[in-house]
Amino acid sequence: MMFNTDAYNRLPQQYKDLVWEFKRSDQAYPAQIAAYTAKEVSVPKMMRERGLTEVKIGKTERTAFEKAGGEPVWHDWARQMTEEFGYNGDELLNLILTSAKKNADK
Numbered sequence: 028m029m030f031n032t033d034a035y036n037r038l039p040q041q042y043k044d045l046v047w048e049f050k051r052s053d054q055a056y057p058a059q060i061a062a063y064t065a066k067e068v069s070v071p072k073m074m075r076e077r078g079l080t081e082v083k084i085g086k087t088e089r090t091a092f093e094k095a096g097g098e099p100v101w102h103d104w105a106r107q108m109t110e111e112f113g114y115n116g117d118e119l120l121n122l123i124l125t126s127a128k129k130n131a132d133k
């Protein structure tokens, strides 16, 4: 579950409790998937209606962009996960990137 920490911290305790109660329920993950799936369809349409143009990036351009702008950030994050939080940052990063690649074309 992802949300803005500052916004969450401003919630009254009763709503924070509801968030965590829902997160632990059997309905949470399917509801989140359904919400994201609906947005994947509606947001691009809304953007086109507002005059924005979708730009498709080719594999070569994407790879160059990842090397220049993505990889340094990813590796900083992995280092931070290891040094500041005691996790195996490289293992986490590998899991995330492998999962993203595996599910990219679904």
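Remember, my numbering sits 27 above the position in the sequence shown when you count from 1.
Every residue gets a Cβ at the ideal spot worked out from N, C-alpha and C, and that includes glycine.
W104 is the residue among K129, W104, V46 whose C-alpha sits nearest the C-alpha of E118.
In this structure, the CA atom of L45 is about 20 Å from the CA atom of Y63. Y35: member of the alpha helix (DSSP H) spanning 32–37, first to last residue.
A distance below 8 Å between beta-carbons, with the five flanking residues on each side excluded, links Q107 to the following residues of its chain, in chain order: G116. Counting along the chain, the unbroken alpha helix (DSSP H) around I123 starts and ends at 116–130.
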